[in-house]
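Encoded as structure tokens, the structure appears first; notes follow it.
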Amino acid sequence: MDSIGVVKEVETHCQTQGLRLTPTRKRVLELVLAADGPVKAYDLLDQLKSEQPKAAPPTVYRALEFLLENHFIHRLESLNAFVSCFHPNDQHQGQFLICEQCEAVTEVHDHSIEDRLRDAALEHAFEPHRQVLEIYGICRSCRSC
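The sequence shown: position 63 = 62 (numbering that gives the first Met the number 0), numbered continuously.
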């Protein structure tokens, strides 16, 4: 799905669930979708300030929090950066392949991995709240160079 389709899905989801997709939240989503790769909050703030000069860090952080809570974007923990989710109607945890050379990120959408990790945690009497699986290596493009 392309970014326009994702934004439309998010808008529809928000309408049906009674969520407020404010213009700032929508714009931050669009900026994350338009990024070439993982994007940091302060980079988003800089982009937003060019359109909204009074934008401040809390503005971006509140928008990111809303987008994360509703699974419209993902946070890459090790990079402290955000990437778009191209299937926002499917509640899931993220599994990501991250290239150590070009920093390209590929989301792996595999519920069986998610389920096995949750089950392993529960076997150890651990109650998981969220999962982020980040696998680092070299992508196909960088390997062929």
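Glycine is no exception: its CB is placed at the ideal position from the N, C-alpha and C atoms.
Starting from the Cα of residue i, find the closest Cα among the options and give me that residue.
{"i": "residue 78", "options": "38, 16, 115, 138", "result": "38"}
{"i": "residue 105", "options": "121, 129, 128, 133", "result": "133"}
{"i": "residue 13", "options": "96, 68, 54, 92", "result": "68"}
{"i": "residue 41", "options": "50, 0, 59, 116", "result": "59"}
{"i": "residue 76", "options": "109, 123, 129, 144", "result": "129"}
{"i": "residue 107", "options": "135, 123, 126", "result": "135"}
Which residue or residues does DSSP assign as beta-bridge partners of residue i?
{"i": "residue 98", "result": "136"}
{"i": "residue 72", "result": "83"}
{"i": "residue 107", "result": "94"}
{"i": "residue 38", "result": "81"}
{"i": "residue 204", "result": "The chain is shown from 0 up to 144; residue 204 falls before or after that span and cannot be answered."}
Can you give me the Cβ contacts of residue i inside the same chain, cut-off strictly under 7 Å, excluding the 5 residues immediately before and after it?
{"i": "residue 138", "result": "98, 101, 103"}
{"i": "residue 71", "result": "9, 28, 84, 87"}
{"i": "residue 80", "result": "37, 38, 39"}
{"i": "residue 5", "result": "32, 83, 85, 87"}
To which residues of the same chain is residue i closer than 8 Å at the C-beta, ignoring the five residues directly before and after it?
{"i": "residue 46", "result": "30"}
{"i": "residue 112", "result": "94, 132"}
{"i": "residue 2", "result": "29, 32, 33, 83"}
Skipping 5 residues on each side, what residues in its chain have a beta carbon closer than 6 Å to that of residue i?
{"i": "residue 19", "result": "none"}
{"i": "residue 116", "result": "130"}
query = So does the segment 58-77 actually touch the segment 14-27, counting three or more Cβ pairs closer than 8 Å?
reply = A contact exists between the segment 58-77 and the segment 14-27.
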